[in-house]
Each structure stands twice: as C-alpha cells, then as structure tokens.
Amino acid sequence: MEPQTPRAGRAARTSSPPDVRAMTTELLALDRTLGARHAAPVAMRSVRMVEAAGAAVPAGTAGADLAEFFEVAAWILFDAERHGPSYRLNRRALALARRLPEEERSIELLVLSVLSMQQTHLGHPRASLRTSSSVLARRDLPPRVAALFHVREARAHARLGRRAAALRSLAAAREMSADGPSDRDPAWSWWFDRAELDGHHGLVLADLGDAEGAAALLHAAAASDGGPAYRALFAADLGRVLARAGAWRETDAWLSALAESAPRMGSVRALNSLRRAIAAVDGGRRVPRGLRGTTRDLTELLARELPRERHGEGHVHHLPTEPPEFR
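Residues in the sequence shown are numbered from 7 upward in steps of one, following my numbering.
And the structure:
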C-alpha cells in the first residue's frame, strides 16, 4: 500500500503558507497506519517546507501548533532511526513549548518523554534518568504522564543494571495506571495503555536478564489489537529475547511468523531489532538447521526492505553530549 501524499506535499506546489495543524494531523495518521519508514520522508519534506516559509507561517501557529508539529516530526524520525534530525527537532519543539503559557505547555512533557527514550536507546541511560527525574520532581503530574516517566526511568535503571530501582519504577507505573485514563491526562497520552506498559515492562526484564518474564510480557504486548504501527517493535524484540536466550524452537516459530509481517513493518527500530535477533542466532551454538534457514530467508527479506545504505536509516547517530536544560 502506498502512503497518500499529505496536504504538506500538495501545499508545496502553491504559494499559500503551510497549514501546520493539518500537516501534523496527516503525519500522525500516516505514522499510525504505515509507520515511520513511510512517514519519515514526508516528515522531512514538511519540516523543510515550514522552515522555508519562515515568517510566512501564520503568526498564531508560532506557539502550541508549531511545537506539536516539530515534536511529531521528531518522533517519526526517532522511530526511523534518524536521530540527528530527530534530536534537533525535539530541541526546537522544547524551546517553543517553554515559551507558551503554563496552561498550554503539556506538549513539553511529550517532548521530554521522547528525549528520555531516545537517550536510553542510544546508550545514554544516565542522561535519560536526568530527563525523567526532572519531570517526576514536578508537582501534580497527571497520573498517566507520571506512569510514563516512571517507565522511562525503569528502562534507564535496567540499562544500568539497577534491578531493584527498575522494578520499583515499574511498580509505580503500574500503580498510577491501575485506574485507567483520567480527565487530567493530556490528549497526546492516548497511546500509553496496558499494551504499551506491558511491552516496556518486558524490555526492562530483558535488560535485567529475565528472558522468561520478558517473553511473556512482550507476547502480550505484541498480541494486542489496534495499536499504532510502531508496536511491531514489541514483536521484533520478542524474537530477539528468545534468540538471545537460546530458545531455538520458540525462536524459529516466532521468526517464521514475523517473516510474513516484516514487509509491512513501518518501524525501522523494529526492523533493526529483527537484525539483532538474526545476529543472535548466527552467533549461537547448536542452532537447528531449520532455524538457520529461517534466518537466511529473513536476512534476504530485510536486505530488500531496509538496505543499510539507503538514507542512512539504519545508522545510529550519537546525540550531542549536553543534556537538555531543565527549568
């Protein structure tokens, strides 16, 4: 299925200023249905269009709408493993959000949640902890937002090998999510549901060496219906966890099933996780012949779906060394 060209693309052929709110809506729809692999080029074109328009962007757009637009583009580029431009756009969104009146600044929390996740993803868990702790120190956070940042905190603790701290953070996230959504939760937090929490809980357990517990939670997250396209990541990570644990029969069954859905995976992070699962099998001992055949077929499929040289999408960039400034 080919992604539809959003209004952002059509607007490029006219002299009218870009409609930032409409561009954001269409980027979100594209990312949710087809994923970052398809949305990232559109996001980059949209950003260039807004940057080129400069002063032509309507004055009323220079606040919350523009911050949200840059943040949505940053999220998409993060899931596409294009971390340099993602980080730059996150910082722009953060600067814009912090100039808004207090009652309009909830987008700042979304920016910081993505930055914290990106920091852990790229191997900077201590920076991620500083980011999440700066938010959790605030008073009167909406419960879903607090739960989300406890999850970010748990992921960073797990990367640092701090088992007790990671499990405490997860327990806090579970407690704050127990009553479901509240009327205080910001609209952007809709995606942080039980499946999201289960998936991240599984990833924490995987980092802590509990393959069996991780597999159960990742399976539950992967089996949930109706989630955004990036949740293919949980299915891919389940394959990686099984492979690293040497559970060859389960790995073969799961990777064989994923081979059918891999061409439709829109998350570059998920495709790269599948690569890591294959590498774990390739480096394993006493791997059954059938599983090696499965990974050969999957390797060929991934080479077609995500060539390493294309747009640098598979390359992980290092973040700048300075952390975001918090107020």
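A virtual CB, placed ideally from N, CA and C, is assigned to each residue, including glycine. What you are looking at is a predicted structure, and each value in this text was computed from that prediction instead of being measured.
#1: Taking contact to mean at least 3 C-beta pairs separated by less than 8 Å, is the region 90-104 in contact with the region 134-141?
#2: Just the Cα atoms here: how many angstroms apart are residue 148 and residue 190?
#3: Would DSSP call residue 303 helix, strand or coil?
#4: Whole-angstrom Cβ separation of residue 26 and residue 56, contact assumed at under 8 Å?
#5: Ordered along the chain, which non-local residues of its own chain (more than five positions away) have a Cβ less than 6 Å from that of residue 217?
#6: Within 8 Å, do at least three Cβ pairs link the region 162-173 to the region 182-200?
#7: Only counting the same chain, and skipping five residues up and downstream in sequence, which positions put a Cβ closer than 6 Å to that of residue 220?
#8: Roughly how many whole angstroms lie between the Cα atoms of residue 23 and residue 59?
#9: Take residue 125 as the anchor and find which of 158, 110 and 267 has the nearest alpha-carbon.
#10: Where does residue 50 fall in DSSP's three states?
#11: Identify which residue in 275, 155 and 187 has its Cα closest to the Cα of residue 175.
#12: If you pair each beta-carbon of the region 83-93 with each one of the region 34-43, do three or more pairs fall below 8 Å?
#13: Helix, strand or coil for residue 191? Go by DSSP, reduced to three states.
#14: Helix, strand or coil: how does DSSP classify residue 243 here?
#15: Please report the residue range of the alpha helix (DSSP H) in which residue 93 lies.
#16: How should residue 229 be labelled, buried or exposed, when 16 other C-beta atoms within 10 angstroms of its C-beta is the threshold for buried?
#17: Nearest CA to the CA of residue 192: which residue from 76, 112, 261 and 186?
On the basis of the coordinates in this document:
#1: Here the region 90-104 makes no contact with the region 134-141; the two share fewer than three CB pairs at distances below 8 Å.
#2: Residue numbering aside, residue 148 sits at position 142 when the sequence shown is read from its first letter. Residue numbering aside, residue 190 sits at position 184 when the sequence shown is read from its first letter. If I take the Cα positions, the gap works out to 6 Å.
#3: Residue 303 sits at position 297 when you count from the first residue of the sequence shown. Reduced to three states, the DSSP call for residue 303 is helix.
#4: Here residue 26 is taken as the residue at index 20 of the sequence shown, counted from 1. Here residue 56 is taken as the residue at index 50 of the sequence shown, counted from 1. The beta-carbon distance between residue 26 and residue 56, rounded to whole angstroms, is 6 Å. This is short enough to meet the 8 Å contact definition.
#5: If you number the sequence shown from 1, residue 217 lands on position 211. Within its own chain, the residues whose Cβ lies closer than 6 Å to the Cβ of residue 217, once the five positions on either side in sequence are excluded, are 247 and 251, listed in chain order.
#6: They do not touch, by the three-pair rule.
#7: The count along the sequence shown starts at 1 and reaches residue 220 at position 214. Short of 6 Å from the beta carbon of residue 220, and not among the five residues preceding or following it, lie these beta carbons of its own chain, in chain order: 208, 211, 212 and 247.
#8: Translated into the one-based positions of the sequence shown, residue 23 becomes position 17. Translated into the one-based positions of the sequence shown, residue 59 becomes position 53. Inter-residue distance for residue 23 and residue 59 is about 7 Å (C-alpha atoms, whole angstroms).
#9: Locating residue 125 in the sequence shown gives position 119, counting from the first residue. Closest in C-alpha terms to residue 125, from the list 158, 110 and 267, comes 158.
#10: Start at 1 with the first residue of the sequence shown, and residue 50 comes out as number 44. Of the three classes helix, strand and coil, the one that applies to residue 50 here is helix, per DSSP.
#11: Locating residue 175 in the sequence shown gives position 169, counting from the first residue. Residue 155 is the option with its Cα nearest to residue 175.
#12: Enough Cβ pairs lie closer than 8 Å, so yes.
#13: Mapped onto the sequence shown, residue 191 falls at position 185. Looking at residue 191 - three-state DSSP - the assignment turns out to be coil, as it is neither helix nor strand.
#14: For this step, residue 243 is matched to residue 237 along the sequence shown. Helix at residue 243.
#15: Residue numbering aside, residue 93 sits at position 87 when the sequence shown is read from its first letter. For residue 93, the enclosing alpha helix (DSSP H) stretches over residues 89-103.
#16: Position 223 of the sequence shown, counted from the first residue, corresponds to residue 229. Note on residue 229: under 16 other CB atoms within 10 angstroms of its CB, so exposed under the neighbour-count rule.
#17: The residue labelled residue 192 in the question sits at position 186 within the sequence shown. Answer by Cα proximity: 112.
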